[in-house]
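Just below is one structure, and these are the notes that go with it.
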Amino acid sequence: MLDIITTQWHPLLNGLWNTILCSLIALVGSLVIGTFFALLEISKYRIVRLIGSIYVEVFRNIPLLVIAMGFFLIVPMYIAKISGFAAGTIGLTLYTSAFIAETVRAGINSVEGGQLEGALANGLTHAQAMRYIILPQAFRVVIPPLGNQFINLVKNSSVLAFVAGFDLMYEGNLIANDTLQTMPTYFIVGILYLIITLPLSYYMRYLEKKLA
Amino acid sequence: MKKIWHLLTILGIVLVSLGTLSGCSSVAKKDVLKADQESNRITWGVKADTRLFGLENIRTGKLEGFEIDLAKAMTKEILGPKGKATFVPVTSSTRVPLLKNGNIDAIMATMTITPEREKQVDFTKSYFDAVQSLLVKKGSPVKNIQDLNKAGEVILGVSGSNSVKNVAKYAPKAKVLQLSDYAQAMTALKSKQGNALTTDNGILYGMASENPGYEVVGGNFTKEPYGIAVNKNQEPFRNKLNWALERLEKNGTYNRLLLKWFGNVKGFNYQEMKR
Amino acid sequence: MQNFINAYSWINIRFLLQGLWVTIEISVASIICSFIIGTFLGIIRYAKIKYLSAIVGFIIDLIRNLPLLLIIFFTYFGLPNIGIKPEIIPAAIMALTVFESSMVAEIVRSGINSIDYGQTEGALANGLTKWQALRLIVLPQAIKNMLPALVSQFISLVKDTSLATIIVLPELMYHAQIIYGQNTNYIIPMFVALAVLYFIVCYSLSLLARYLDRHLA
Chain A
25 MLDIITTQWH PLLNGLWNTI LCSLIALVGS LVIGTFFALL EISKYRIVRL IGSIYVEVFR
85 NIPLLVIAMG FFLIVPMYIA KISGFAAGTI GLTLYTSAFI AETVRAGINS VEGGQLEGAL
145 ANGLTHAQAM RYIILPQAFR VVIPPLGNQF INLVKNSSVL AFVAGFDLMY EGNLIANDTL
205 QTMPTYFIVG ILYLIITLPL SYYMRYLEKK LA
Chain B
513 MKKIWHLLTI LGIVLVSLGT LSGCSSVAKK DVLKADQESN RITWGVKADT RLFGLENIRT
573 GKLEGFEIDL AKAMTKEILG PKGKATFVPV TSSTRVPLLK NGNIDAIMAT MTITPEREKQ
633 VDFTKSYFDA VQSLLVKKGS PVKNIQDLNK AGEVILGVSG SNSVKNVAKY APKAKVLQLS
693 DYAQAMTALK SKQGNALTTD NGILYGMASE NPGYEVVGGN FTKEPYGIAV NKNQEPFRNK
753 LNWALERLEK NGTYNRLLLK WFGNVKGFNY QEMKR
Chain C
8 MQNFINAYSW INIRFLLQGL WVTIEISVAS IICSFIIGTF LGIIRYAKIK YLSAIVGFII
68 DLIRNLPLLL IIFFTYFGLP NIGIKPEIIP AAIMALTVFE SSMVAEIVRS GINSIDYGQT
128 EGALANGLTK WQALRLIVLP QAIKNMLPAL VSQFISLVKD TSLATIIVLP ELMYHAQIIY
188 GQNTNYIIPM FVALAVLYFI VCYSLSLLAR YLDRHLA
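Following this line, the structure appears as structure tokens:
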């Protein structure tokens, strides 16, 4: 097993870096898109709410693999050349944003309704009330579930392996195929994933306890 | 603090036990030939996505191809006319672990005999002498592997296949994207994820016959003899496979199968391949 | 357009539906197994039994924090090392069960934790044993609380079956790949079909959950 680390550390580190990069990009992207669609879902207008829920339901109910492969195979045919990394990251962002939208919406709903009325009565516009009163409180409530979404995101980024995204799983597959030392390779890959996800997971549990 | 130590101890124990679990390779100790003769069945790992070699027929759900027919014929040679061949679809990434674990008895899945692989498995003598080529869109400026030896060129291949390793030798400047199987690679070529798809000529001709806009170019820049892989320490089984292959070559079955699958493939010189 | 008409020939549709059937079979089997095993593990973790709970809890955390793809590899390629040599479908069910059980265990644990401990105390004061209190008082309420999380986990499970294409499990995604691999004109029709079929299965699961939620209350 040691010979894999000594001879293959370069692709492994490269893969680890791409996994982290992809996860961070997808995290930021899906937070923005997710919050946007959460706001749509609680809009006053029925048609806007409908758009919000259609987006969320579509991306929640289709496998990430289908979304990522769809981007990888279909987008270059008609729209633009797109690398496996980009296709996978976009797919991951859209997929995760649907879950984040649901989480944020639940957070907003958990903030007491009277506060919005109070803010409106004090002369704030609806948008201002959201921006300054509701969302900051909502985000505090949703930090632990968001953290769990981020852990899921890191794990789900392994889907990049299917679209030649040069992530940790992809490099792991290549090394396993090359050296034919399947189990030791995947064992090392597993430890590298755990280095990212396990501390995060314990930190989130700690936060959850602290906030409760 | 005490809690952390507690946790680390458990972590250590679990990791060590997992490590030993994954570390020990379990090459089956039993005699495969004997076991197969007793059960009257040989389990082959074959391709299900490779036209002409092993392809799943959508209408019937059955596997079809040169390797499938050859495996059936060899099974009958070894076990007698009542012997059964069972097929397990494999990919370039799953075939060796499955062989080592004993899920399959032998791999006949367009697997090139290479020195690296011979460290892990044993091969029979070659049953098909492929050469590596390129598949490109018709009218592509790419005519051979040297054309691809430029920064910015992207070559598609299948992960775990020998052809992607050769690319590193012949076109080190090109970027190689490795996909999980030939279906993905062909689809990626069609969706312009790469300028050329590289693998062995037999497989490429199979793809070209189904995709009229594409052609095989690049001549034959490496030799890729396919062998049947079996586990280490299975000499009796390997000898029997070699023996069966020789018999099929002598009695004309091999040439008949070659004609059946490659006789009508445009651009493929099957006369040269006759044995 | 012609591509769509050709792609949706009866032969291809039937092939897709065969794949869908495998997806459903595997999902149902894994949902049942992981619900039972996950609840059991969750209770063990909650119960704080000396050493056992800590070890079980740690293994759950390890599995929860690994990508499912790795769990699939470990199960399919690793189990034979300890003498279990599963066929492809049992292997996929095992891998999904291992992964999803650990997710369910976590949901169950936090679901039980969400029930006020006062209720257990009350039950104990009324002469119930600890086990009876858990089974009769706490669990029924907890299950109602965790229903939404459980359902979205099971929807994830259905979607996750698609990852098992990597070990050549003949499910929906793999069958679609076989079809568009043989005729690349069918890529878009096949992805549309995949999206629609998965959506139908997963969305009906969430509708079912909503129905249950309303009628259990």
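Residue numbers (my numbering), protein chains in the order written: chain A, 25 to 236; chain B, 513 to 787; chain C, 8 to 224. Every residue gets a Cβ at the ideal spot worked out from N, C-alpha and C, and that includes glycine.
Assigned exposure category for residue i - 16 Cβ within 10 Å defines buried
{"i": "M698 of chain B", "result": "buried"}
{"i": "P601 of chain B", "result": "buried"}
{"i": "E736 of chain B", "result": "buried"}
{"i": "I18 of chain C", "result": "exposed"}
{"i": "H34 of chain A", "result": "exposed"}
{"i": "M110 of chain C", "result": "buried"}
{"i": "S211 of chain C", "result": "exposed"}
{"i": "L610 of chain B", "result": "buried"}
{"i": "Y726 of chain B", "result": "buried"}
{"i": "H222 of chain C", "result": "exposed"}
{"i": "Y639 of chain B", "result": "buried"}
{"i": "C536 of chain B", "result": "Per-residue confidence for C536 of chain B stands at a pLDDT of 47, beneath the threshold of 50, marking its modelled position as unreliable; the derived number appears in the next sentence. Per the 10 Å Cβ criterion, exposed."}
{"i": "E579 of chain B", "result": "buried"}
{"i": "I20 of chain C", "result": "exposed"}
{"i": "G90 of chain C", "result": "exposed"}
{"i": "S538 of chain B", "result": "Confidence in S538 of chain B is poor, its pLDDT being 47 and thus under 50, which makes the residue's placement too unreliable to answer from."}
{"i": "Y227 of chain A", "result": "exposed"}
{"i": "L201 of chain C", "result": "buried"}
Nearest neighbour of residue i, chosen from the options [CA to CA]
{"i": "Q9 of chain C", "options": "C:L219, C:I78, C:Y193", "result": "C:Y193"}
{"i": "F42 of chain C", "options": "C:D220, C:R116, C:F206, C:P177", "result": "C:R116"}
{"i": "S182 of chain A", "options": "A:H34, A:V56, A:Y102, A:T113", "result": "A:T113"}
{"i": "I49 of chain A", "options": "A:T120, A:Y69, A:I98, A:N38", "result": "A:T120"}
{"i": "N152 of chain C", "options": "C:F22, C:I78, C:I122, C:L73", "result": "C:I122"}
{"i": "R629 of chain B", "options": "B:D641, B:R607, B:S645", "result": "B:R607"}
{"i": "A92 of chain A", "options": "A:P223, A:I78, A:L118", "result": "A:L118"}
{"i": "T203 of chain A", "options": "B:R563, B:L610, B:L567, B:G672", "result": "B:G672"}
{"i": "I28 of chain A", "options": "A:F174, A:N201, A:Y217, A:D191", "result": "A:N201"}
{"i": "N85 of chain A", "options": "C:I67, C:R217, C:L204", "result": "C:L204"}
{"i": "L88 of chain A", "options": "A:N172, A:L140, A:K179, A:S77", "result": "A:K179"}
{"i": "C46 of chain A", "options": "A:L184, A:M207, A:K234, A:N197", "result": "A:L184"}
{"i": "G592 of chain B", "options": "B:G577, B:S604, B:I554", "result": "B:I554"}
{"i": "L646 of chain B", "options": "B:A700, B:N751, B:V728", "result": "B:V728"}
{"i": "I106 of chain A", "options": "B:A642, B:S703, B:E579", "result": "B:S703"}
{"i": "H150 of chain A", "options": "A:L63, A:L177, A:N172, A:S77", "result": "A:L63"}
{"i": "G730 of chain B", "options": "B:T710, B:E722, B:K542", "result": "B:T710"}
{"i": "G669 of chain B", "options": "B:R750, B:V777, B:M620, B:Q705", "result": "B:Q705"}
{"i": "F211 of chain A", "options": "C:L73, C:I50, C:D167, C:T168", "result": "C:L73"}
{"i": "N88 of chain C", "options": "A:M207, A:L170, A:Y230", "result": "A:M207"}
{"i": "G189 of chain A", "options": "A:P160, A:Y230, A:G115", "result": "A:G115"}
Whole-Å CB distance - residue i paired with residue j, under 8 Å assumed
{"i": "L157 of chain C", "j": "L75 of chain C", "result": "Not confirmed; about 18 Å, so no contact."}
{"i": "I284 of chain C", "j": "T104 of chain C", "result": "Since the first and last residues shown for chain C are 8 and 224, residue 284 of chain C lies out of range."}
{"i": "F774 of chain B", "j": "Y782 of chain B", "result": "4 Å"}
{"i": "G188 of chain C", "j": "D561 of chain B", "result": "5 Å"}
{"i": "N552 of chain B", "j": "K596 of chain B", "result": "6 Å"}
{"i": "D581 of chain B", "j": "L769 of chain B", "result": "5 Å"}
{"i": "T59 of chain A", "j": "V128 of chain A", "result": "5 Å"}
Proximity test, residue i beta-carbon vs the ligand MG heavy atom, cut-off 6 Å
{"i": "L170 of chain C", "result": "Annotation note on the ligand MG: not contained in the displayed structure, which lists no ligands."}
The segment 657 to 681 of chain B: positions lying closer than 7 Å to chain A by Cβ: Hits within the stretch, in order: S671, G672.
Which residue spans inside the segment 107 to 150 of chain A form an unbroken alpha helix (DSSP H) run of at least 4? Counting whole runs of 4 or more residues, the segment 107 to 150 of chain A contains the alpha helix (DSSP H) stretches 108 to 134, 137 to 145.
Closer than 7 Å, Cβ to any Cβ of chain A: which residues of the segment 599 to 621 of chain B, in chain order? Shown in chain order are the members of the segment 599 to 621 of chain B whose Cβ falls below 7 Å from a Cβ of chain A: S604, S605, V608, P609.
Please go through the segment 694 to 734 of chain B and give each complete alpha helix (DSSP H) segment of 4 or more residues, from N-terminal end onward. With a minimum length of 4 residues, the continuous alpha helix (DSSP H) runs that stay inside the segment 694 to 734 of chain B are 694 to 702, 713 to 722.
Can you list, in chain order, the residues of the segment 79 to 98 of chain C whose Cβ is nearer than 7 Å to any Cβ on chain B? Listed by position along the chain: F84, G85, P87, N88, I89, K92.
Residues from the segment 685 to 698 of chain B in contact with chain A, defined by Cβ distance under 7 Å: Listed in chain order, the positions of the segment 685 to 698 of chain B with a beta carbon within less than 7 Å of a beta carbon of chain A are L689, Q690, L691, S692.
Contact list for the segment 65 to 93 of chain A against chain C, Cβ threshold 8 Å: Going along the segment 65 to 93 of chain A in chain order, one finds E81, V82, R84, N85, I86, P87, L88, L89, V90, M93 with a Cβ nearer than 8 Å to chain C.
For the segment 198 to 210 of chain A, list every residue whose C-beta sits within 9 Å of some C-beta in chain C, in sequence order. Those residues of the segment 198 to 210 of chain A that come within reach of chain C (Cβ to Cβ, closer than 9 Å) are A200, T206, M207, Y210.
What residues in the segment 145 to 166 of chain A have a beta carbon less than 8 Å from any beta carbon of chain C? Those would be none; no residue qualifies.
If contact means a Cβ-Cβ distance below 7 Å, which residues of the segment 216 to 229 of chain A contact chain C? Answer in chain order: Y217, L218, T221, L222, S225.
Threshold first: 4 residues or longer. Then list the alpha helix (DSSP H) segments lying entirely within the segment 65 to 111 of chain A, N to C. With a minimum length of 4 residues, the continuous alpha helix (DSSP H) runs that stay inside the segment 65 to 111 of chain A are 70 to 84, 88 to 102.
Please list the residues of the segment 182 to 195 of chain C that have a C-beta atom closer than 8 Å to any C-beta atom in chain B, keeping them in chain order. So the close ones are Q184, I185, I186, Y187, G188, Q189, N190, T191, I194.
Whole beta strand (DSSP E) elements within the segment 610 to 654 of chain B, 3-residue minimum: Positions of the beta strand (DSSP E) runs, each at least 3 residues long and wholly inside the segment 610 to 654 of chain B, are given as 640 to 649 in order along the chain.
Taking the runs of the alpha helix (DSSP H) that are 4 residues or longer, which of them lie wholly in the segment 21 to 100 of chain C? Complete alpha helix (DSSP H) runs here, min 4: 59 to 71, 75 to 80.
Determine which residues of the segment 17 to 43 of chain C have a Cβ less than 9 Å from any Cβ of chain B, and write them out in chain order. Going along the segment 17 to 43 of chain C in chain order, one finds I18, N19, R21, F22, Q25 with a Cβ nearer than 9 Å to chain B.
Using a Cβ-Cβ cutoff of 8 Å, what residues of the segment 555 to 572 of chain B are near chain C? List them in chain order. Under the 8 Å Cβ criterion, the segment 555 to 572 of chain B contributes A560, D561, R563, L567, E568, I570, R571.
Which of the residues in the segment 625 to 647 of chain B, read from start to end, lie with their CB under 9 Å from any CB of chain A? Residues of the segment 625 to 647 of chain B with a C-beta atom less than 9 Å from some C-beta of chain A are E628, R629, K631, Q632, V633, listed in chain order.
Of the residues that make up the segment 149 to 177 of chain C, which ones have a beta carbon closer than 7 Å to any beta carbon in chain B? Answer in chain order: I173, I174, V175.
Would you list, in chain order, the members of the segment 97 to 127 of chain A that have their beta-carbon closer than 8 Å to a beta-carbon of chain C? For the segment 97 to 127 of chain A, the set of residues with a beta-carbon nearer than 8 Å to any beta-carbon of chain C comprises L97, I98, M101, in chain order.
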